[in-house]
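If you read the protein sequences in the order shown, they are chains A and B.
Sequential numbering of the first sequence, starting at 1, is according to UniProt numbering.
Sequential numbering of the second sequence, starting at 1, is according to UniProt numbering.
Note that beta-carbon positions come from the ideal geometry of N, C-alpha and C, so glycine has one too.
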Amino acid sequence: MSQTNPDKDSPASDAKKTISLPTSRVRLIMKSSPDVSSINQDALFLTTKATELFVQHLALTSFTNGSGREANTLDYSDLAKTAEETDIFHFLTDILPKKILARDYLNSLEQLRDEDADF
Amino acid sequence: MAERPEDLNLPNAVITRIIKEALPDGVNVSKEARRAISQAASVFVLYATSCANNFAMKARRKTLNAGDVLAAMEEMEFERFLEPLREALEVYKKDQKGKKEVSEQKRKDKEKKVDSGNDKSREDEEGEEEEEQQQCMEEEPEEEPEEEEVEN
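#1: Measuring straight from C-alpha to C-alpha, what distance separates B/Pro84 and B/Glu90?
#2: Give the straight-line distance between the Cα atoms of B/Arg17 and B/Val45, rounded to the nearest whole angstrom.
#3: For the alpha helix (DSSP H) holding A/Ala80, just list the boundary residues, first then last.
#4: Thinking just about the alpha-carbon of each residue, which of B/Ala13, B/Ala33 and B/Asp109 is nearest to the one in A/Lys99?
#5: Give the straight-line distance between the Cα atoms of A/Leu74 and A/Arg103, rounded to the nearest whole angstrom.
#6: If I measure Cβ to Cβ from A/Arg69 and keep anything under 7 angstroms in the same chain, skipping five residues before and after, which residues do I get?
#7: Across which residues does DSSP place A/Ile39 in a beta bridge pair?
#8: Which residue wins for smallest C-alpha separation from A/Leu44, given the options A/Phe54, A/Lys31, A/Val55 and A/Asp35?
#9: In three-state DSSP terms, what is A/Asn107?
#10: Buried or exposed: A/Gly66, going by 16 or more other Cβ atoms within 10 Å of its Cβ?
#11: Name the chain A residues that come within less than 7 angstroms of B/Gly26, Cβ to Cβ?
#12: Can we say the segment 90-99 of chain A touches the segment 48-67 of chain B, given the rule of at least three CB pairs closer than 8 angstroms?
#13: State the DSSP-derived secondary structure class of B/Val29, mapped to helix, strand or coil.
#14: Does the count of Cβ pairs from the segment 70-90 of chain A and the segment 47-56 of chain B closer than 8 angstroms reach three?
#15: So what does A/Thr73 bridge to, in DSSP terms?
#16: So, under 8 angstroms CB-CB, A/Ala59 and B/Ala13 are touching, yes? Tell me the CB distance rounded to an integer number of Å.
#17: Looking at the C-beta of B/Glu17, does it have a partner C-beta in chain A at a distance below 8 angstroms?
#18: Verify whether the separation of the beta carbon atoms of B/Leu10 and B/Ser42 is less than 8 angstroms.
#19: Could you have a look at A/Ser33 and say whether DSSP puts it in helix, strand or coil?
#20: So the candidates are B/Lys112, B/Asp25 and B/Glu74; which of them puts its Cα closest to the Cα of A/Asn72?
#21: Determine, using beta carbons only, whether A/Ile100 comes closer than 8 angstroms to chain B.
#22: Any beta-carbon of chain A closer than 8 angstroms to the one on B/Val69?
#23: Is there at least one Cβ from chain A nearer than 8 angstroms to B/Asn65's Cβ?
#24: Using 10 angstroms around the beta-carbon of A/Thr18, count the other beta-carbons present and answer buried if the total reaches 16, otherwise exposed.
#25: I need the straight-line Cα distance from B/Arg86 to A/Glu52, nearest angstrom please.
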């Protein structure tokens, strides 16, 4: 670690306090939500910062739990897996669905039809 | 509402940077994964906003405030974010206070020179505009190189 005392402003701790995402864009998304009238500056800052923390958490959790880890890659399936298996990411299951081969999907459709036909 | 789908996305370059910083060195991130994370982030904003807005409405307020957002994080079970968020907010508030004092000082200096009526009601908006200009300035450098080539 660095030799300077922890009380001084180190670049690393400063970076954590500032944000990279543009607040203007975040505000645009927030405004698209129904019933939202106005957003206070601090709330906008916090939402932007929280989104950055979210991106970090999603990426790292997915990588750690995913099978892409062996190939040292984070890929889509790792994300879909995490959305399904991790409680706090459940709200993402609709936009991060697991992918199946078309062939398998058609097969399972056929099976359902066969089951219905038994009536 | 006339927002195009692209407008509700966050800039790819920044998202990519945040992802890379979170992962160990040398890890690859597929294009599909990057796009998916970006979309997830937008959904996160919507979910957080909706949740925070519920708290504001309960308190009969029309303006979302910091407390609403923090309450939303807890509701969404992102308690791990609370501490870093509070710390970041403190630093942010100090910065804003400093900027406000600087701009107020500038205004006072101007008033001494020009004896015209001034409107103090626009204080909050101006503060926001300044902040946005600074945020926008971080984005622009990535686009400029393309424009410069055209002049040749």
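Straight from the coordinates:
#1: Locating residue 84 of chain B in the second sequence gives position 84, counting from the first residue. Locating residue 90 of chain B in the second sequence gives position 90, counting from the first residue. So the alpha carbons of these two residues sit roughly 10 angstroms apart.
#2: Sequence index remark: in the second sequence, residue 17 of chain B carries index 17 (1-based). Sequence index remark: in the second sequence, residue 45 of chain B carries index 45 (1-based). CA-to-CA, the gap between B/Arg17 and B/Val45 works out to about 19 angstroms.
#3: Counted from its first residue, the first sequence places residue 80 of chain A at position 80. Residues Tyr76 to Glu85.
#4: Indexing the first sequence from 1 puts residue 99 of chain A at position 99. For A/Lys99, the nearest C-alpha among the options comes from B/Ala33.
#5: Numbered from its first residue, the first sequence carries residue 74 of chain A at position 74. Numbered from its first residue, the first sequence carries residue 103 of chain A at position 103. As the crow flies, the alpha-carbon of A/Leu74 is around 25 angstroms from that of A/Arg103.
#6: Counted from its first residue, the first sequence places residue 69 of chain A at position 69. Excluding sequence neighbours, A/Arg69 sits near Phe63.
#7: Position 39 of the first sequence holds residue 39 of chain A. Bridge partners of A/Ile39: B/Leu64.
#8: What you label residue 44 of chain A is simply residue 44 of the first sequence in a count that begins at 1. Ranked by Cα distance from A/Leu44, the options A/Phe54, A/Lys31, A/Val55 and A/Asp35 are led by A/Lys31.
#9: Taking the first residue of the first sequence as position 1, residue 107 of chain A is located at position 107. Reduced to three states, the DSSP call for A/Asn107 is helix.
#10: Within the first sequence, numbered from 1, the residue matching residue 66 of chain A stands at position 66. Classification of A/Gly66: buried, given that the 10 Å Cβ count is 16 or more.
#11: Indexing the second sequence from 1 puts residue 26 of chain B at position 26. Within chain A, the C-beta atoms nearer than 7 angstroms to that of B/Gly26 come from Asn72, in chain order.
#12: With the cut-off at 8 angstroms, the segment 90-99 of chain A and the segment 48-67 of chain B do not touch.
#13: Against the second sequence, residue 29 of chain B aligns to sequence position 29. Three-state result, B/Val29: strand.
#14: Contact fails: fewer than three Cβ-Cβ distances are below 8 angstroms.
#15: In the first sequence, the residue the question calls residue 73 of chain A occupies position 73. B/Asn28, per the DSSP bridge assignment.
#16: For this step, residue 59 of chain A is matched to residue 59 along the first sequence. For this step, residue 13 of chain B is matched to residue 13 along the second sequence. Contact between A/Ala59 and B/Ala13 does not hold, since the beta-carbon distance rounds to 15 angstroms and is not under 8 angstroms.
#17: Start at 1 with the first residue of the second sequence, and residue 17 of chain B comes out as number 17. In the sequence as displayed, the identity of residue 17 of chain B is Arg instead of Glu. Yes, its Cβ sits closer than 8 angstroms to a Cβ of chain A.
#18: By 1-based counting over the second sequence, the position of residue 10 of chain B is 10. By 1-based counting over the second sequence, the position of residue 42 of chain B is 42. Cβ atoms of B/Leu10 and B/Ser42: closer than 8 angstroms.
#19: As a working note, residue 33 of chain A is residue 33 in the first sequence. DSSP places A/Ser33 in coil when its eight states are reduced to three.
#20: Here residue 72 of chain A refers to the residue found at position 72 when the first sequence is read from its first residue. Comparing Cα positions, the closest option is B/Asp25.
#21: In the first sequence, residue 100 of chain A corresponds to position 100, counting from 1. No, because no Cβ of chain B sits closer than 8 angstroms to the Cβ of A/Ile100.
#22: Within the second sequence, the letter at position 69 stands for residue 69 of chain B. Output row for B/Val69: interface = yes.
#23: Taking the second sequence and counting its residues from 1, the one referred to as residue 65 of chain B is at position 65. Flagged as an interface residue toward chain A: B/Asn65, by a C-beta distance shorter than 8 angstroms.
#24: Residue 18 of chain A sits at position 18 when you count from the first residue of the first sequence. With fewer than 16 other Cβ atoms within 10 Å, it is exposed.
#25: By 1-based counting over the second sequence, the position of residue 86 of chain B is 86. By 1-based counting over the first sequence, the position of residue 52 of chain A is 52. So the two alpha carbons sit approximately 14 angstroms from each other.
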